[in-house]
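Inspection log for the structure reproduced underneath, given as structure tokens.
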Amino acid sequence: MRDHPTYPLLTPRGWLVFALVGLVLLAVPAANQWAATGSAAHLPDYLVPLIGKYCTYAMLALALDLIWGYAGILSLGHGAFFALGGYCMGMYMMRQIGTRGVYGNADLPDFMVFLNWKELPWYWQGFDMFWFAALMALVVPGILAFVVGWLTFRSRVTGVYLSIITQAMTFALLLAFFRNNMGFGGNNGLTDFKEILGFPIQAQTTRVGLYVASVIGLGLTFLICRAVVTSKLGRVCLALRDAESRVRFLGYSTTGAKLFVFTLSAVLAGLAGALYVPQVGIINPSEFSPANSIEIAIWVAVGGRGTLSGAVLGAFAVNWAKTWLTGAAPEVWLFFLGLLFVAVTLLFPKGVTGLVQQVRNRLATRAIPRQAEGD
Amino acid sequence: MARPDIPGRLAGEPDPHLYLSGVTVSFDGFRALNALSLIIEKGELRTIIGPNGAGKTTMMDVITGKTRPDEGEVFFAGEHDLTQLDEAGIANLGIGRKFQRPTVFENLTVYENLELAVKTARGTFATLKGRLTGEMRDTIERLFDTIGLAARRHEQAGALSHGQKQWLEIGMLLGQDAQLLLLDEPVAGMTDHETAATAELILRLAKERTLVVVEHDMEFVRSLGAKVTVLHEGSVLAEGNIDQVQANQRVVEVYLGR
Ligand SMILES: Nc1ncnc2c1ncn2[C@@H]1O[C@H](COP(=O)(O)OP(=O)(O)OP(=O)(O)O)[C@@H](O)[C@H]1O
Ligand SMILES: [Mg+2]
Chain A
1 MRDHPTYPLL TPRGWLVFAL VGLVLLAVPA ANQWAATGSA AHLPDYLVPL IGKYCTYAML
61 ALALDLIWGY AGILSLGHGA FFALGGYCMG MYMMRQIGTR GVYGNADLPD FMVFLNWKEL
121 PWYWQGFDMF WFAALMALVV PGILAFVVGW LTFRSRVTGV YLSIITQAMT FALLLAFFRN
181 NMGFGGNNGL TDFKEILGFP IQAQTTRVGL YVASVIGLGL TFLICRAVVT SKLGRVCLAL
241 RDAESRVRFL GYSTTGAKLF VFTLSAVLAG LAGALYVPQV GIINPSEFSP ANSIEIAIWV
301 AVGGRGTLSG AVLGAFAVNW AKTWLTGAAP EVWLFFLGLL FVAVTLLFPK GVTGLVQQVR
361 NRLATRAIPR QAEGD
Chain B
376 MARPDIPGRL AGEPDPHLYL SGVTVSFDGF RALNALSLII EKGELRTIIG PNGAGKTTMM
436 DVITGKTRPD EGEVFFAGEH DLTQLDEAGI ANLGIGRKFQ RPTVFENLTV YENLELAVKT
496 ARGTFATLKG RLTGEMRDTI ERLFDTIGLA ARRHEQAGAL SHGQKQWLEI GMLLGQDAQL
556 LLLDEPVAGM TDHETAATAE LILRLAKERT LVVVEHDMEF VRSLGAKVTV LHEGSVLAEG
616 NIDQVQANQR VVEVYLGR
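Protein chains in written order, with our numbering: chain A, 1 to 375; chain B, 376 to 633.
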């Protein structure tokens, strides 16, 4: 009776599922590269960056689930952290274009030449180095989240007010990045990338490389999130979702806990954005649109907030449906999304994961009397 | 930090564990506490009664840093000015509070509720790295010995009965090793049997800690046999043992007689 709980990073079964999902995802580029064209196992080229993109969305969903599903803070600005990570990587790839731009200017991206700028602004310095851009893709969203979180959590802004503030944050960034004189390419954003780390961006082998990086990124993000939610801090987060004042009266700084999780979450979103942009080949201000951030919340809600696997599942499922619907019947997509949102909030608030759990429980309770009869 | 200058206290006498002087709290002009003064000695068990809205909970809010007083002094152990600290800082001084409405972490297990309470480094990074040590496990088992509930350790706290939640919450205060315990209506919603068990628990705890117990249940207050303070309209109306208080004409008028 003196037993106590343990919190493994993953159970043996969890590791098995983790490895299986990893294998399936890695089979995609293998089937694309090595299976004979025309055979049933061969996957078309376009699937690689498409599923790679889903992987980065899944990372983004994990990031949101960490702060929303566990700490109970609904951020509706995670699209901004994602976009900032993306812009950092985009800036690196812009600098990689070098003299291959339309104006052939080695020092300035085309849009700056077009604006008659004479030299690179200070905040573009260093972005010709991959390591610096990659670091900034994590640091910039992290700092923004830290500052916004510090200001809001400290003054105990919670619930819907925090959601509104984060929406305002992403909207403000949207407007700012639209401006040409911000120096991020205005409404065209950053595009026409040529290469990344010396590899041609359009080549299928590069795409496979980016895809594999995304799968690894997703696995890593998942494990980082697991590490947090299985830690004592993870339990403090669940606790403050239930009864924040009780946590404070136990002597914990709830501001500190929230700030940590919010900042980490933004860093992970930035990583996702940095992997996303090279695969889609463009980043523009529309990534900051408030609706994008709301969509992320819908992925998580559909999958089941508060379960990490649910967030991944939700991101894949909703985005697959989006790809399919916007191709088959584009006018239906927004209605579908709205309907999904209503259905999730009203009918299955714990998402697909909760639904599966419910069915399983029902089967289990039905199995018990049957066993009793057998006795 | 300026030590309070307590009237009537001789030099060399130990400081009171809790000292409130002239504490006033107004909500939109309404005085929930009105120049409230109160002295609780170290190791004392004090019961506080008073009609609804007398300011009992507000007093606890002031002591625990939830509400800042507009005026007045609040000192802990003679040296900590509680009006200058936040909730977490006050909790870490060793002041524990049970809310009027039992407040436990419903989505965590009973065991996890206690785990979070057990005294450890409270910093965010320390918490991130925090492991359940053997020492903590022993402490938690001792808490189970005190409050019961051992058989329900892996159940979600939300599944406990009202009375059991009250005990769990008291167990959490003990886990945090609070030296001053503020219990706001600890037997509300309990059966007679549970109430008796809680009285026994409180008397046991009072042997080594300072306790302030707010209750409406006069039977229960009597069973604790401690000094009683009657609050009314935000200040002390009467103080004394239960018989003195029950015989007090003013107390009968505003509270007991109704
Ligand atoms: N945050 C607040 N804003 C406005 N008024 C408040 C606030 N908190 C308490 N009050 C008022 O202050 C008065 C004292 O409330 P308090 O909760 O301290 O009473 P109490 O003695 O604990 O009563 P009870 O026995 O009902 O628990 C009440 O009239 C209450 O309405
Ligand atoms: Mg009260």
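Note that the Cβ used here is the ideal one computed from N, Cα and C, for glycine as well.
How big is the Cα-Cα spacing for residue i and residue j?
i, j, result
"A/G374", "B/G546", "Legend: pLDDT at A/G374 = 39, less than 50; position of this residue unreliable, value from coordinates given subsequently. Those two C-alpha atoms are separated by around 43 Å."
"A/L308", "B/A466", "33 Å"
"A/G310", "A/V229", "14 Å"
"A/A36", "A/P29", "13 Å"
"A/V24", "A/F178", "39 Å"
"B/I432", "B/P477", "For the record, residue 432 of chain B in the displayed sequence is Thr; it is not Ile. Rounded to the nearest angstrom, the two C-alpha atoms are 13 Å apart."
"B/P561", "B/A553", "16 Å"
"A/L325", "A/G351", "21 Å"
"A/T353", "A/I298", "14 Å"
"A/G189", "A/L218", "26 Å"
"A/F193", "A/L43", "25 Å"
"B/P426", "B/Y630", "5 Å"
"B/G469", "B/L555", "6 Å"
"A/A71", "A/T99", "48 Å"
"A/G306", "A/V160", "18 Å"
"A/L313", "A/A58", "8 Å"
Please identify the residue among the options whose C-alpha is closest to the C-alpha of residue i.
i, options, result
"A/F260", "B/A492, B/L599, B/F500", "B/F500"
"B/G550", "B/L578, B/D559, B/E510", "B/E510"
"B/A581", "B/P389, B/Q621, B/A407, B/R421", "B/R421"
"B/E454", "B/D390, B/D445, B/R476", "B/D390"
"B/L548", "B/R584, B/G533, B/A574", "B/R584"
"B/L543", "B/G498, B/A553, B/L586, B/A492", "B/A492"
"B/K540", "B/L556, B/G564, B/R517", "B/G564"
"B/R506", "A/G14, A/T158, A/I196, A/G234", "A/G234"
"A/M91", "A/S39, A/I282, A/V148, A/Y57", "A/I282"
"A/V21", "A/G149, A/D107, A/I73, A/F316", "A/F316"
"A/D110", "A/G142, A/G186, A/A328, A/G126", "A/G186"
"B/D520", "A/A321, A/P330, A/L346, A/R2", "A/R2"
"A/Y87", "A/L50, A/L250, A/V139, A/A19", "A/V139"
"A/F184", "A/G159, A/Q279, A/V247, A/R95", "A/R95"
"A/P290", "A/P349, A/N181, A/L223, A/M169", "A/M169"
"A/S214", "A/V280, A/P330, A/T56, A/Q167", "A/T56"
So is residue i buried or exposed if we call it buried at 16+ other beta carbons inside 10 Å?
i, result
"B/D618", "exposed"
"B/A622", "exposed"
"A/E295", "buried"
"B/E490", "buried"
"A/Q371", "Any reading at A/Q371 is ruled out, since the residue's pLDDT is 46, under 50, leaving its predicted position unreliable."
"B/E628", "exposed"
"A/Y252", "buried"
"A/P5", "exposed"
"B/I522", "buried"
"B/D403", "exposed"
"B/H568", "exposed"
"B/Q624", "exposed"
"B/N616", "exposed"
"B/H529", "exposed"
Is the closest heavy atom of ligand 4 to the C-beta of residue i under 8 Å?
i, result
"B/A496", "In the structure shown, ligand 4 is absent; the only ligands present are ligand 1 and ligand 2."
Residue i and residue j: beta carbons closer than 9 Å?
i, j, result
"A/G270", "A/A176", "no"
"B/T322", "A/S231", "Residue coverage of chain B in this structure runs from 376 to 633, which leaves residue 322 of chain B outside it and unanswerable."
"B/R406", "B/M435", "no"
"B/E487", "A/D242", "no"
"B/G440", "B/L460", "yes"
"B/L393", "B/I423", "no"
"A/L76", "A/L268", "no"
"B/F595", "B/A574", "yes"
"A/F288", "A/L173", "yes"
"A/G256", "B/G538", "no"
"B/L535", "B/V611", "no"
"A/A133", "A/G126", "yes"
"B/D592", "B/F474", "no"
"A/V277", "A/M89", "yes"
"A/V208", "A/V102", "no"
"B/A532", "B/V479", "yes"
Report, in whole angstroms, the separation of the C-beta atoms of residue i and residue j, which I expect to be a contact under 8 Å.
i, j, result
"A/S265", "A/A63", "5 Å"
"B/L606", "B/A429", "4 Å"
"A/A61", "A/V300", "5 Å"
"A/Q279", "A/K53", "6 Å"
Using a cut-off of 7 Å between C-beta atoms, extract the partners of residue i located in chain D.
i, result
"A/V236", "Absence of chain D from the displayed structure is noted, the protein chains being A and B."
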